[in-house]
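*Asks:* Heads up: the protein sequence lines correspond to chains A and B, in order. Just so you know, we're using the numbering used here here: the first sequence kicks off at 127 and counts up by one. Just so you know, we're using the numbering used here here: the second sequence kicks off at -6 and counts up by one. Glycine included, C-beta positions come from ideal geometry on N, C-alpha and C.
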Amino acid sequence: MWQIAQPTKVPDPGYRALEFLAPGIRQVVAGFINGSRQRVQEIRLRLNRPLMAEADGSWMLRPDGGVTVHAARAWFVGETDLMGTLERMTASSLYTMEEELRRGFITLPGGHRAGLAGECLVRDGRLLRIKSVTSINLRLAREMPGIARRLLPFLWSNGRFCRTLVISPPKAGKTTVLRDLIRAISNGEIAGHRCKVGLVDERSEVAGCFHGVPQLDVGVQTDVLDGCPKAEGILLLLRTMSPDVVAVDELGSYEEAEALRDLLHAGVSVLATAHADNLEDLRKRPSLFRLLADGGIQRVVVLSRRLGPGTVEGIWDETAGSFLPVGSFCLSSQIEPGNSW
Amino acid sequence: MKLFGALLVIFGFGAGGLILANAYRERLAHLKQFIRGLNLLAVEVGYAMNPLETALRRVAQNLNGPVADFFAAAARQLAVLNNAGEAWQRTLKDFQGKLTLTETDWACLAELSALLGVTDQANQIRAIRENVARLEAVVQESQEKVKVNERVLRYAGFILGMILVLVLY
């Protein structure tokens, strides 16, 4: 008898990230993931303080994996937990992570990222590295392939990808949308227009590179400059990889905006994100204002968390000086209804 | 029959003496191999910047005999346990019967387990070099003893056997 195969649920990345936790807290977090209806976004370890997890709010975890609001009932993170976790994250080779300790984060296999804090070693006013780690924030990478599909048709004009800026406040899904846009244009998901994309991933957040190899899907035609400063990386990609589109996350400084302005006359399109609540906020940022004023950006996608992470509040057409008639909609709801980002 | 028995006693004691003398020489050879291995490990950590598992495996490839097996086993344990200190300790325990080392030698090697893989590059190298220096001191001290004891033990077994035969007769 023929049977139709049932679609299997994609396992929560939290399960895969458990291997980086020390055995004691691994049990606690596993218990929390099993019992939680929401997807875990972050696991926070602070020395001699309660173990916490972020999943649609911050929760202190009890030893059995349940949640509590009383710190006294929570699992307190000991030195063994913290050092054991750090040792697993560094494959018992902390000495190979000096650059990561200077930058304050370690990228892990699977694209997950561990933010670090603790006592810093400073010389001549410059941070050398974090000397002793006392806090670890394990941020779980989550791919949502297809999340940006609804945006794609609005970001093309005359057969070319428009110079696009995605703006939002923190935790509204900028990076997730950026990653999926890169994947889609690199794979040619819109009318077969396959573009060569050059991605400057300064903080290893978009492609989640581990030893330079992308752990997250950024498309078949994407070249990644991992851990490279954005301004330098943009020009380097332009000179060496002849990209059709250059993508960067969290645009901010004058140098970065200037490097993007250089692309205007090089026939290369741009896909970038920036922190801003709305267009007014964006125009108040001097570095980005000049980029907009010079026609460096053709489309601005405004995201928020109003209907959930990845809510599109509007798509601004800079050339027409108005919003496109698309209304507002939530990108995440079309992928997994009811699920937290 | 008596003559056969006498020869058996003399050669038995003689062989015992030779085995003990050999153990002295073997211990020294093993300690020297460990020193070489740890120096190579310092290079792997300090210059090649290889992760510890790879570093231990590469050290094993450059050594031979049971000490090479020790480093290879430590790399395997690390891959399984994900904890350098535990992997080092467990390998030390597993090799207690396979290497001719004294309690002091094992204790000296065990000191590395507290620091291996969990500090920055400079401190890793310092810890390994300190361990090497301690082993070198042990080797120097032993070398004098070995010179005297090895010669004594080599002949003492036979002489003791002969004395025993004379007393029994």
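(1) CB-CB under 7 Å to A/P271, same chain, minus the five flanking residues each way: which ones, in chain order?
(2) Per DSSP, which residues does A/T290 bridge with? Please list them.
(3) Looking at chain A, which residues of the stretch 54 to 81 of chain B have a Cβ within less than 7 Å of any of its Cβ atoms?
(4) Grab me the residues of A/Q129's own chain with a C-beta within less than 6 Å of its C-beta, minus the 5 sequence neighbours each way, in chain order.
(5) I need the straight-line Cα distance from B/V139 to B/G10, nearest angstrom please.
(6) Kindly indicate which residue of A/Q167, A/F455, A/T216 and A/C288 has the alpha-carbon position closest to the one of A/L227.
(7) Can you tell me which residues form a DSSP beta bridge with A/V193?
(8) Would you mind stating whether B/L74 and B/A103 have Cβ atoms separated by less than 9 Å?
(9) Would you say B/L102 faces chain A, with C-beta separation under 9 Å as the test?
(10) Is B/T112 helix, strand or coil when you go by DSSP?
(11) Thinking C-beta only, is A/H238 closer than 9 Å to A/L266?
(12) Let's see if you can read the secondary structure: which residues bound the alpha helix (DSSP H) around B/W99?
(13) Hey, quick one: how far does the beta strand (DSSP E) through A/D349 stretch, first residue to last?
(14) Check each candidate in A/N263, A/P369, A/S454 and A/H337 and name the one with the smallest Cα separation from A/T348.
(15) Contact between the stretch 422 to 433 of chain A and the stretch 309 to 327 of chain A is defined here as three or more beta-carbon pairs at a separation below 8 Å; is this criterion met?
(16) Anyone know if the C-beta pair for A/A357 and A/E382 falls short of 9 Å?
(17) What residues of chain A sit near B/G110, judged by a beta carbon separation below 7 Å?
(18) Using DSSP bridges, identify the partner residues of A/I262.
(19) Ordered along the chain, which non-local residues of its own chain (more than five positions away) have a Cβ less than 7 Å from that of A/R142?
(20) On the criterion of 16 or more Cβ atoms from any shown chain inside 10 Å, does A/M127 qualify as buried, or is it exposed?
(21) For B/S135, which of B/Y17, B/G5 and B/G39 has the nearest alpha-carbon?
(22) Who are the neighbours of A/G210 on chain B, taking C-beta pairs under 8 Å?
(23) Considering only C-alpha positions, which residue in the set B/I28, B/I152, B/I118 and B/R29 is nearest to A/T222?
*Replies:* Quick answer:
(1) D306, R309 and D343
(2) A/L397 and A/R425
(3) L71, N75, N76 and A77
(4) Unreliable placement is indicated for A/Q129, whose pLDDT of 41 sits below 50; the coordinate value is still reported in the next sentence. Hits under 6 Å: none found.
(5) Rounded to whole angstroms, the separation of the alpha carbons of B/G10 and B/V139 is 13 Å.
(6) A/T216
(7) A/L187
(8) Going by C-beta atoms, B/L74 is not nearer than 9 Å to B/A103.
(9) no
(10) coil
(11) yes
(12) E96 to A103
(13) T348 to D352
(14) A/P369
(15) no
(16) It is a contact, given that the beta carbons lie within the stated cut-off.
(17) E213, S218, S219 and L220
(18) A/L171 and A/L242
(19) G236
(20) For A/M127, the predicted structure reports a pLDDT of 38, less than 50, and the residue's modelled location is therefore unreliable. A value from the coordinates is still provided. Counting Cβ neighbours within 10 Å, A/M127 comes out exposed, since fewer than 16 surround it.
(21) B/Y17
(22) N76
(23) B/I118
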